[in-house]
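Asks:
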Amino acid sequence: MSKIGMEYPFNRISGKPMKECDTVFKMVFSQPYLYGHDRSRYKYNPTAAQLVQNTKFRQAAQQTHNIMADIDRVEPYKTAWRNYIKSGNTRYKTLRGYIFSQVYLSL
26 MSKIGMEYPF NRISGKPMKE CDTVFKMVFS QPYLYGHDRS RYKYNPTAAQ LVQNTKFRQA
86 AQQTHNIMAD IDRVEPYKTA WRNYIKSGNT RYKTLRGYIF SQVYLSL
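Residues 26 to 132 in my numbering are what the sequence shown lists, from first letter to last.
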């Protein structure tokens with residue numbers, strides 16, 4: 026990622042300057058700089074390890090969605106999550122995040 030200081034003709038720019046360009050620009054409002062990010066590295070095929078991780082993440086997300094849709098399956102997770110929070114741990118702010126982490130670890 027590169028950091029660019031803007032001059033007078035361009036006070037603010039975001040997005041791609043042209044359709045064929047691989048660099049995406051964004052302006053962070055708290056800072057006076059423009060950030061450029063080259064997205065060309067995403068055009069390559071993922072490695073075998075990345076594919077395995079993506080598949081595992083997709084399966085965990087689907088199972089989490091199925092659990093959240095069924096009230097009977099949510100209850101044990103809800104009580105475990107509440108006990109987890111009462112014990113002083115605040116890592117998982119939402120029930121969905123807690124369920125996802127438990128499902129992801131079980132895969």
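Think of the CB as a built atom: it goes at the ideal place given N, C-alpha and C, for glycine as much as any other residue.
(1) Decide if TYR69 is buried, meaning its Cβ has at least 16 other Cβ atoms within 10 Å, or exposed.
(2) Contact between the segment 83 to 93 and the segment 121 to 131: three or more CB pairs below 8 Å?
(3) Give the straight-line distance between the Cα atoms of LYS103 and VAL49, rounded to the nearest whole angstrom.
(4) In angstroms, rounded to a whole number, what distance separates the CA positions of GLU100 and LYS51?
(5) Secondary structure at LYS81, three-state DSSP: helix, strand or coil?
(6) Looking only at its chain, what residues have a beta carbon closer than 6 Å to the beta carbon of VAL128, apart from the 5 residues adjacent to it on each side?
(7) Could you give the first and the last residue of the continuous alpha helix (DSSP H) run that contains LEU130?
(8) I'd like to know whether the C-beta atoms of LYS81 and LEU130 end up nearer to each other than 8 Å.
(9) Which of the three DSSP states is assigned to THR104 in this structure?
(10) Work out the CA separation of TYR117 and GLN78 for me, nearest whole Å.
Replies: This is what the structure holds:
(1) exposed
(2) yes
(3) 41 Å
(4) About 43 Å.
(5) helix
(6) If we look at VAL128 and ignore the five residues flanking it on each side, its Cβ neighbours are ALA85, GLN88 and THR89.
(7) 120 to 131
(8) No. Outside cutoff.
(9) helix
(10) GLN78 and TYR117: Cα-Cα distance of roughly 21 Å.
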